[in-house]
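Structure record follows, encoded as C-alpha coordinates.
In the working numbering, the protein residues as written are 5 to 135.
Here it is as C-alpha coordinates:
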(Lines of atoms letter the chains of each structure in order from A; the text may use other names.)
(Lines give C-alpha, C1' and ligand atoms only; values in the text may rest on other atoms or scores of the structure.)
Protein backbone atom coordinates (compact mmCIF):
# COMPACT_ATOMS: atom_id res chain seq x y z
CA UNK A 5 0.00 0.00 0.00
CA UNK A 6 2.69 2.51 0.92
CA UNK A 7 4.43 1.89 -2.40
CA UNK A 8 1.44 3.60 -4.06
CA UNK A 9 1.20 6.59 -1.73
CA UNK A 10 2.75 9.89 -2.79
CA UNK A 11 5.92 9.36 -0.75
CA UNK A 12 9.07 7.28 -0.56
CA UNK A 13 9.04 3.60 0.31
CA UNK A 14 11.32 1.66 2.63
CA UNK A 15 10.85 -1.68 4.37
CA UNK A 16 12.30 -1.46 7.89
CA UNK A 17 11.26 -4.88 9.13
CA UNK A 18 12.63 -7.22 6.47
CA UNK A 19 9.40 -7.99 4.61
CA UNK A 20 11.33 -7.84 1.35
CA UNK A 21 13.46 -10.90 2.24
CA UNK A 22 12.18 -13.76 0.10
CA UNK A 23 9.80 -11.38 -1.71
CA UNK A 24 12.34 -9.49 -3.79
CA UNK A 25 10.58 -10.17 -7.12
CA UNK A 26 7.29 -8.79 -5.79
CA UNK A 27 8.85 -5.58 -4.44
CA UNK A 28 10.88 -5.09 -7.61
CA UNK A 29 7.71 -5.42 -9.73
CA UNK A 30 5.77 -2.99 -7.52
CA UNK A 31 8.50 -0.37 -7.36
CA UNK A 32 9.14 -0.65 -11.12
CA UNK A 33 5.50 0.24 -11.73
CA UNK A 34 5.98 3.42 -9.69
CA UNK A 35 9.23 4.25 -11.45
CA UNK A 36 8.25 3.57 -15.08
CA UNK A 37 4.59 4.59 -15.33
CA UNK A 38 4.04 8.30 -15.98
CA UNK A 39 0.80 8.24 -14.00
CA UNK A 40 2.89 7.71 -10.87
CA UNK A 41 5.98 9.81 -11.54
CA UNK A 42 4.21 12.76 -13.21
CA UNK A 43 0.71 12.43 -11.78
CA UNK A 44 -1.10 13.38 -8.62
CA UNK A 45 -2.15 11.09 -5.79
CA UNK A 46 -5.63 11.82 -4.44
CA UNK A 47 -6.20 9.81 -1.28
CA UNK A 48 -9.81 10.83 -0.63
CA UNK A 49 -11.17 10.93 -4.20
CA UNK A 50 -12.49 7.35 -4.14
CA UNK A 51 -14.28 5.96 -1.11
CA UNK A 52 -15.22 2.39 -0.31
CA UNK A 53 -18.21 0.98 1.55
CA UNK A 54 -15.82 -1.32 3.46
CA UNK A 55 -13.56 0.16 6.14
CA UNK A 56 -10.90 -2.50 5.61
CA UNK A 57 -10.28 -1.70 1.95
CA UNK A 58 -7.81 1.03 0.95
CA UNK A 59 -8.19 3.12 -2.22
CA UNK A 60 -5.60 5.51 -3.67
CA UNK A 61 -6.38 7.31 -6.94
CA UNK A 62 -3.59 8.57 -9.21
CA UNK A 63 -4.22 10.63 -12.31
CA UNK A 64 -2.20 12.23 -15.06
CA UNK A 65 -3.92 14.04 -17.94
CA UNK A 66 -6.84 11.80 -18.96
CA UNK A 67 -5.36 8.58 -17.52
CA UNK A 68 -5.88 7.27 -14.02
CA UNK A 69 -4.87 4.31 -11.88
CA UNK A 70 -6.61 3.19 -8.72
CA UNK A 71 -4.82 1.09 -6.11
CA UNK A 72 -7.28 -1.12 -4.18
CA UNK A 73 -5.96 -3.01 -1.17
CA UNK A 74 -7.92 -5.60 0.81
CA UNK A 75 -6.60 -5.36 4.37
CA UNK A 76 -8.13 -8.62 5.54
CA UNK A 77 -7.82 -12.17 4.32
CA UNK A 78 -11.36 -12.78 3.16
CA UNK A 79 -13.30 -12.56 -0.07
CA UNK A 80 -15.76 -9.72 -0.36
CA UNK A 81 -17.61 -7.47 -2.77
CA UNK A 82 -16.97 -3.77 -2.35
CA UNK A 83 -18.58 -0.67 -3.84
CA UNK A 84 -16.16 2.09 -4.82
CA UNK A 85 -17.60 5.60 -5.12
CA UNK A 86 -15.83 8.23 -7.21
CA UNK A 87 -16.13 11.89 -6.24
CA UNK A 88 -15.89 12.90 -9.90
CA UNK A 89 -18.82 12.09 -12.19
CA UNK A 90 -18.02 9.90 -15.22
CA UNK A 91 -14.42 9.20 -14.21
CA UNK A 92 -14.95 5.51 -14.94
CA UNK A 93 -15.14 4.55 -18.61
CA UNK A 94 -14.08 0.91 -18.44
CA UNK A 95 -10.59 -0.31 -17.82
CA UNK A 96 -8.29 -3.12 -16.80
CA UNK A 97 -7.68 -4.81 -13.48
CA UNK A 98 -4.17 -6.01 -12.60
CA UNK A 99 -3.33 -8.31 -9.70
CA UNK A 100 -0.22 -6.82 -8.08
CA UNK A 101 0.60 -10.06 -6.25
CA UNK A 102 0.95 -12.06 -9.48
CA UNK A 103 1.61 -9.23 -11.94
CA UNK A 104 -1.11 -10.57 -14.23
CA UNK A 105 -4.24 -9.02 -15.63
CA UNK A 106 -7.35 -10.26 -13.86
CA UNK A 107 -9.77 -12.07 -16.14
CA UNK A 108 -13.10 -10.47 -16.88
CA UNK A 109 -13.87 -6.80 -17.11
CA UNK A 110 -15.25 -4.30 -14.70
CA UNK A 111 -18.71 -2.89 -15.26
CA UNK A 112 -19.15 0.17 -17.41
CA UNK A 113 -19.85 3.57 -15.90
CA UNK A 114 -22.46 3.38 -13.14
CA UNK A 115 -22.44 7.12 -12.63
CA UNK A 116 -20.11 7.60 -9.72
CA UNK A 117 -19.56 4.00 -8.54
CA UNK A 118 -18.31 0.54 -9.50
CA UNK A 119 -18.54 -2.81 -7.75
CA UNK A 120 -15.45 -4.97 -7.42
CA UNK A 121 -14.96 -8.53 -6.12
CA UNK A 122 -11.88 -8.92 -3.93
CA UNK A 123 -10.12 -12.14 -3.01
CA UNK A 124 -8.36 -12.54 0.33
CA UNK A 125 -5.51 -10.04 0.81
CA UNK A 126 -5.87 -8.67 -2.74
CA UNK A 127 -3.80 -5.77 -4.02
CA UNK A 128 -5.21 -4.59 -7.32
CA UNK A 129 -4.37 -1.83 -9.76
CA UNK A 130 -7.34 -0.65 -11.81
CA UNK A 131 -6.41 1.43 -14.88
CA UNK A 132 -8.66 3.56 -17.01
CA UNK A 133 -9.23 6.75 -18.98
CA UNK A 134 -11.44 9.64 -17.87
CA UNK A 135 -14.88 9.68 -19.48
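The beta-carbon is built from N, C-alpha and C at its ideal position, and this holds for glycine as well.
Fair warning: this is a prediction, and the values are worked out from it, not measured in the lab.
Residues that residue i bridges to, as DSSP identifies them
i: residue 119; result: 83
i: residue 67; result: 64 and 133
i: residue 104; result: 99
i: residue 128; result: 72 and 99
i: residue 46; result: 61
C-alpha distance - residue i paired with residue j, whole-angstrom precision
i: residue 45; j: residue 79; result: 27 Å
i: residue 4; j: residue 84; result: Since the first and last residues shown for the chain are 5 and 135, residue 4 lies out of range.
i: residue 122; j: residue 59; result: 13 Å
i: residue 28; j: residue 34; result: 10 Å
i: residue 42; j: residue 68; result: 12 Å
i: residue 55; j: residue 48; result: 13 Å
i: residue 131; j: residue 70; result: 6 Å
i: residue 86; j: residue 30; result: 24 Å
i: residue 53; j: residue 32; result: 30 Å
i: residue 116; j: residue 100; result: 25 Å
i: residue 22; j: residue 107; result: 27 Å
i: residue 88; j: residue 57; result: 20 Å
C-beta contact flag for residue i and residue j at 8 Å
i: residue 74; j: residue 126; result: yes
i: residue 120; j: residue 72; result: yes
i: residue 134; j: residue 25; result: no
Same chain, Cβ closer than 6 Å to residue i, neighbours up to 5 away in sequence not counted
i: residue 98; result: 105 and 129
i: residue 77; result: 124 and 125
Own chain, CB closer than 7 Å to residue i, minus 5 neighbours either side, in chain order
i: residue 64; result: 38, 39, 42 and 43
i: residue 95; result: 110, 130, 131 and 132
i: residue 61; result: 46, 49, 50, 68 and 70
Same chain, Cβ closer than 8 Å to residue i, five either side skipped, listed in chain order
i: residue 81; result: 119, 120, 121 and 122
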